[in-house]
Amino acid sequence: MSSSSHAYDKKYISIGCNRSTNAADINYKGFVAFGGGKYVCIWNPNDTRCKGVSHTLQGHSGDVRIVKYLQSFKYSNDLVSGCTNGKIIIWNDQYAPITSIDAHSKSISAIGTLNAPFVDRNSHLLVTAGSDSLLKVWNIVDSKTEQIQSIDLAGRFALDVNISLLPHSNTPIMALSLTNNRIEIWIMVNNSFVKALSLEGHEDWVRALSFANFPSDNGDNLVLASGSQDGYIRLWNITTHLDNKPNLQVNLDKSTLNSALLDDFERKMQESDATTSSLSTKSHVFTDQNTSKQYKLNFEALLLGHDSWITGLHWHPVQWESDSKYIQPQYLLSASADKSMILWAPQSDGMWMNERRFGEFGTGGLGFFGGLFSPNGKEVFAHGLNGSFHRWVHTPEMGLWQPELAITGHPNPVKDVVWDPNHQFFLSASLDQSTRLHGPWKRNGVESWHELNRPQSHGYDMQALAFIGGDSSQIASAADEKIVRTFEAPKGWIRSAKKLGVIDDNVDEESRPLGASLPPQSLSNRLVKNDEHPDELKLKEEDKDWSLSHSYGTQLAKPPVEEQLVTSLWPESNKLFGHGYELFSIAAAHHSNLLATACKAQSAKHAVVRITDAIKGMHYGNPLEGHTLTITSIQFSPDDKMILSVSRDRTWRLFEKASDKEEYIAVAANKSHGRIIWDCQFSNCGNAFVTASRDKTVRVWCRSAGSKDNSSWDAVCVLKFDEAATAVSMSGKLLAVGLENGLIEIYEKNGENFDSWTKRASVEEHNGFINKIRLRNRSLLSCSEDNKIALLELK
């Protein structure tokens, strides 16, 4: 091993897409770039090995809100990203940063790139807007960026911006939506944008804008699509032909519109003459001062079909017949907070209608933040509130759109990861209030890792996890509540895991429960027995307006898509009580059903470890006392005879199982660390343990020389770091240390004793506080405040 990225291979990277419109984009090769935490992430959906996220580009110090490819001409792979601290970074096609600019004093709110055919691929026009109420125009030539204009938006924020070229002209035109319900049209004159028009019609903020150039025998038309929080999409036509009559169209998706939406539309139609210009056929005429050409802008069509905010619009990508000729297919993809996407297309009479609806319209679930077309238009993507991508692929032979495998991940910090006892898969817990199961998909000599199950979707932020009693089908979770919850794997998961090659075929499945149901407004996954038919799960009268979320454990032959994951709950088997405040840490015995748990504490009364039999629900002995502040980590020794705990009070404490009764008793304590101790772990043999502290040290502890019991331990080695040590794990001769800045240091033991260690590698896969490391043999599993899970194989 060495201190470089060549010291390990990436087996699996999991991270969710940020909850922001325009957080994802796609280039002509079909590569999806998206903001995940503070990273710009790259995913190739057409990778035959299904490796998922291939790159996580570091450079931002704030969450990445917007990612856009610089789609000049048809071959550009450069992209630009903007984050919450106002910085933009331009990346080349090798994913190296070309330029990093502190463009705004506050968060980036919108980025616009010039997206039109026949644009010089060596230069880019870029517009950025921020929450500082400024809009800036940049010119990028040969990797050099120059600001050419700054526009004060007078206290308003830009929600979206899109740039194209006027028909039959090289003059850039910019559409800008602000926090005032209007769309502003700006024309570039002498290298500066000048406001030309202000378009009315939408009755709420406009969240999405998208230009498309449609070539025709009568002259090119430039069409602007706008989507608003009012749930409507408007099409605006820009042409050089002044004799064209406006062709107003109101396009209703009658098959899916509910009566309330139609009533609302009729009301607005009646009010429009007196109060608004929402359906005005007025032509807006403006002049390109560079060429003296006149252009006309007409409101052309109104598209109704969504029941909530429009969050994204994406035209079908241009299809090139040659380097000088292209076709712009007339398809528009819209994404909405109603958890659906609609593919719109004009009919023979010119009316725009719904060709296909994707998603789960009107379910009250988590909505979409944006939609994307693949380069050939045969695939569509959406990213949603839970961080996952949704993907549908068109099959020409069947004429159908089918859900297809896509990437998933936590959109919030990941607090814990834990291997199953057989080291075949692992669980993760996140502040996104979910517990997720990740494992390998093995087929035809190929292995790829995916999220395979989502045992718990909770109403509280998750903190910690454990497998119970060495059983990979029983888990316990700790969240920001006082109750420890235990779960049992349903029959469908056991069958799917066998089919996917995750677990052995001899694992029992017949005794497993059928699945789980989540009653409305409930936090508990109710067990569904094998003799209980789904139709028998009736709602109470007061819950008739709510849907019943349930999982019957469907057997899968390949990794599930997001719609299947959200219904893959595990039934709750028990609740364990006793703590007075929110849970913080949990550990499970290796050879029994005992759980050790601790909660947040500011006094000795609550800073205790409670031991409970997870199956019987009975307390085991008295609470383990001694700490005075929150216990941050708990570990059982490999033989379960000792329990080690570390705390914010800067001490570690060791408890030993009594020989004459069922309880653990205190045998040792130490306060050598100068700051909070974040983590601890026993060695495989149980003769040593390590502690990691904010005082920037990791200490290795062994029994004192000559000691015949566990009452005296000495620090035989102190490893010092430049940052606070936040996580630690030991396996065989290897020791992994996670730091506050996201770095993971790998050490190897010299000889058989624990007093000498040599640094072997540095792992730079995270850019935030390392919450947990799980080292098994040479497999390194880690999670962080950066929302990312990394599974690496050390060389």
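Residue numbers for the sequence shown follow my numbering, so the first one is 1334 and each next one is one higher.
Beta carbons: idealized from backbone N, C-alpha and C, even for Gly.
If you're wondering where the values come from, they're calculated on a predicted model, not measured in any experiment.
Out of the options, state which residue places its alpha-carbon closest to the alpha-carbon of residue i.
i, options, result
"Pro1893", "Leu1770, Lys2082, Lys1908", "Leu1770"
"Asp1765", "Asn1755, Gln1796, Gln1897, Lys1775", "Gln1796"
"Phe1544", "Ile1481, Leu1498, Val1779, Pro1378", "Leu1498"
"Glu2078", "Leu1666, Phe1722, Leu2108, Asn1623", "Leu2108"
"Lys2041", "Leu1542, Asn2020, Ser2115", "Asn2020"
"Pro1956", "Asn1631, Asp1804, Ala1999, Lys2066", "Ala1999"
"Asn1514", "Phe1758, Leu1532, Met1507, Asn1523", "Leu1532"
"Ser1483", "Asn1495, Leu1467, Gly1370, Asn1546", "Leu1467"
"Ala1849", "Asp1838, Ser1829, Lys1831, Glu1821", "Glu1821"
"Val1470", "Lys1626, Ile1496, Ser1476, Arg1398", "Ile1496"
"Asp2028", "Pro1450, Ala1947, Lys2004", "Lys2004"
"Ser1805", "Lys1949, Arg1818, Phe1759", "Phe1759"
"Pro1548", "Val1651, Thr1624, Asp1993, Met1684", "Val1651"
So residue i and residue j are in contact, right, with Cβ under 8 Å, and what is the actual spacing, rounded?
i, j, result
"Lys1929", "Val1942", "Inspection of the sequence shows that residue 1929 is occupied by Ala rather than by Lys. Indeed they touch by this definition, with Cβ atoms about 5 Å apart."
"Ser2026", "Ser2037", "That belief does not hold up - the Cβ atoms of Ser2026 and Ser2037 are roughly 21 Å apart, past 8 Å."
"Ile2009", "Arg2032", "Rounded, the Cβ-Cβ distance is 14 Å, inconsistent with contact."
"His1501", "Thr1573", "6 Å"
"Phe1490", "Leu1511", "7 Å"
"Leu1987", "Tyr1953", "Their Cβ separation, rounded to whole angstroms, is 17 Å, which puts Leu1987 and Tyr1953 out of contact at 8 Å."
"Val1750", "Ala1799", "No, Val1750 and Ala1799 are not in contact; Cβ-Cβ is about 12 Å, not under 8 Å."
"Gly1570", "Glu1633", "A small correction: the amino acid at residue 1570 is Asn; Gly does not occupy that position in the sequence shown. Right, their Cβ atoms sit about 4 Å apart."
Less than 9 Å between the beta carbons of residue i and residue j, yes or no?
i, j, result
"Ala2058", "Asp2012", "yes"
"Gly1564", "His1639", "yes"
"Leu1458", "Thr1478", "no"
"Leu1568", "Leu1636", "yes"
"Ala1940", "His1960", "yes"
"Val2061", "Thr2024", "yes"
"Tyr1402", "Asp1358", "yes"
"Lys1824", "Glu1842", "yes"
"Gly1717", "Phe1691", "no"
"Leu2068", "Glu2081", "yes"
"Lys1439", "Leu2124", "no"
"Thr1461", "Gly1392", "no"
"Asn1355", "Ile1444", "yes"
"Val1400", "Ile1348", "no"
"Glu1896", "His1723", "yes"
"Phe1619", "Ala1529", "yes"
Considering just the uninterrupted stretch of the beta strand (DSSP E) at residue i, what are its terminal residues?
i, result
"Glu1517", "1516 to 1522"
"Leu1797", "Note on residue identity: the sequence assigns Ala, not Leu, to residue 1797. Counting along the chain, the beta strand (DSSP E) containing Ala1797 begins and ends at 1795 to 1800."
"Ser1655", "1652 to 1655"
"Ala1678", "1673 to 1679"
"Tyr1659", "1658 to 1660"
"Phe2087", "First-last for Phe2087: undefined, no H or E at that position."
"His1388", "1386 to 1390"
"Asn1687", "1685 to 1692"
"Met2063", "2058 to 2064"
"His1723", "1722 to 1728"
"Pro1754", "Note, Pro1754: premise wrong, no beta strand (DSSP E); not H, not E."
"Gln2014", "2010 to 2015"
"Glu1995", "Careful: Glu1995 lies outside any beta strand (DSSP E) and carries neither H nor E."
"Trp2034", "2030 to 2036"
"Thr1965", "1964 to 1969"
"Glu1843", "Taken as a continuous stretch (DSSP letters only), Glu1843 belongs to no beta strand (DSSP E), as it is neither H nor E."
Determine the extent of the alpha helix (DSSP H) in which residue i is found, giving its start and end residues.
i, result
"Leu1898", "1895 to 1898"
So, with DSSP's three-state summary, where would you put residue i?
i, result
"Arg1828", "helix"
"Ala1340", "helix"
"Ser1502", "coil"
"Gly1772", "strand"
"Leu1635", "strand"
"Arg2111", "coil"
"Lys1439", "coil"
"Ile1816", "coil"
"Asn1351", "coil"
"His1617", "strand"
"Pro1424", "Checking the sequence, you will find Trp at residue 1424 rather than Pro. Three-state DSSP puts Trp1424 in a strand."
"Cys1932", "strand"
"Pro1867", "Model confidence at Pro1867 stands at a pLDDT of 46, short of 50, so the residue's coordinates are unreliable; what they give is reported in the following sentence. Residue state, collapsed to three classes: helix."
"Trp1879", "Because Trp1879 carries a pLDDT of 29, less than 50, the predicted location of this residue cannot be relied on, and the following value inherits that uncertainty. Three-state DSSP puts Trp1879 in coil, outside helix and strand."
"Ala1715", "strand"
"Thr1512", "coil"
Say yes only if the C-beta of residue i is nearer than 8 Å to one or more non-hydrogen atoms of the ligand SAM, and no if none qualify.
i, result
"Gly1368", "This structure lacks the ligand SAM, and indeed carries no ligand of any kind."
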